[in-house]
Amino acid sequence: MWLKNVNYLISCPSKENWPDNSKKELCIVGRSNVGKSTLINKITNNRNMAKVSKTPGLTKYLNFFDVNHQYRLVDSPGYGYAKVSIQSDASFQKMMSEYLYERDCLIGLILVIDAKIGITANDLSLLQIANSVHLPVHIIASKCDKLNQKMKHQLNLQIQEIQNAFDIQNIIYYSSLDHSYEKVVDLIKLLYQEAK
Numbered sequence: 028m029w030l031k032n033v034n035y036l037i038s039c040p041s042k043e044n045w046p047d048n049s050k051k052e053l054c055i056v057g058r059s060n061v062g063k064s065t066l067i068n069k070i071t072n073n074r075n076m077a078k079v080s081k082t083p084g085l086t087k088y089l090n091f092f093d094v095n096h097q098y099r100l101v102d103s104p105g106y107g108y109a110k111v112s113i114q115s116d117a118s119f120q121k122m123m124s125e126y127l128y129e130r131d132c133l134i135g136l137i138l139v140i141d142a143k144i145g146i147t148a149n150d151l152s153l154l155q156i157a158n159s160v161h162l163p164v165h166i167i168a169s170k171c172d173k174l175n176q177k178m179k180h181q182l183n184l185q186i187q188e189i190q191n192a193f194d195i196q197n198i199i200y201y202s203s204l205d206h207s208y209e210k211v212v213d214l215i216k217l218l219y220q221e222a223k
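The working numbering puts the sequence shown at residues 28 to 223.
See the structure below:
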């Protein structure tokens, strides 16, 4: 089970380039090198859908993907590379603020975190922004195959803490090595159906 008929539309550095807002959008966010592009390639069953690089920070703009002519996924640049915070990265902050505050068709954020690292300070900054504009957040904890039992327990405790402070709707523990991507596909389809 994958997302079918997915097509890359456009990369946008600013709102002047956005596609029209006639379709609902889900935006995928997360730190650099966390696996956002790999996740997109996995759920679309197309290893070339989103560019994957061993060099963090390859994605610079918002990349829009059409899903079956019904809704869109938006891949955002990673943050936190080279210890640059969201607050100090002016170009990232401007682009994401425009999108998060002004995009009427945006129905939620899919925050991809590295399960081994957990929630970072930059993730918390993004959650605060999402909270301020009343956007629901859905967490995908990637690379879960690399966790031992102690690490899983620590991650669960951390996620429970932020659930009390932010509008965290769903949490999926994900690994590219198994079929957990199907849970991500189901979640995306459900969110779109609920937003129609």
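C-beta atoms are modelled at their ideal positions from N, C-alpha and C, and glycine is treated no differently.
Query	Result
Run of the beta strand (DSSP E) containing residue 37, from where it starts to where it stops	33–39
Chain C within 9 Å of residue 127, Cβ atoms only	Of the chains in the structure shown, none is chain C; there is only one protein chain.
Every unbroken alpha helix (DSSP H) inside the stretch 103–167 [4 residues or more]	117–129, 148–159
Minimum C-alpha distance to residue 98 - residue among 123, 32, 78	32
Cα-Cα separation between residue 232 and residue 58, rounded to whole angstroms	Since the displayed the chain opens at 28 and closes at 223, residue 232 lies outside it and no answer follows.
9 Å Cβ cutoff met for residue 165 and residue 214	yes
N-terminal and C-terminal residue of the beta strand (DSSP E) that residue 52 is part of	52–57
Own chain residues within Cβ distance below 7 Å of residue 171, not counting five before or after	142, 200, 201, 202
Opening and closing residue of the alpha helix (DSSP H) in which residue 219 lies	208–222
Alpha helix (DSSP H) runs wholly inside the stretch 173–213, at least 4 long, in chain order	176–192
Helix, strand or coil at residue 90 according to DSSP, with G and I counted as helix	strand
Opening and closing residue of the alpha helix (DSSP H) in which residue 66 lies	63–71
With 16 other Cβ atoms within 10 Å as the buried cut-off, status of residue 34	exposed
C-alpha gap between residue 169 and residue 137, whole angstroms	12 Å
Closest Cα partner of residue 38 within the set 56, 219, 104	104
Spatial distance of residue 160 from residue 153 (CA atoms)	11 Å
Check whether residue 12 and residue 208 have beta carbons under 9 Å apart	Nothing about residue 12 can be reported from this structure: the residues present for the chain run from 28 to 223 only.
Pairwise C-alpha distance: residue 63 and residue 248	The structure shown does not extend to residue 248, since the chain is modelled only from 28 through 223, so no value can be given for it.
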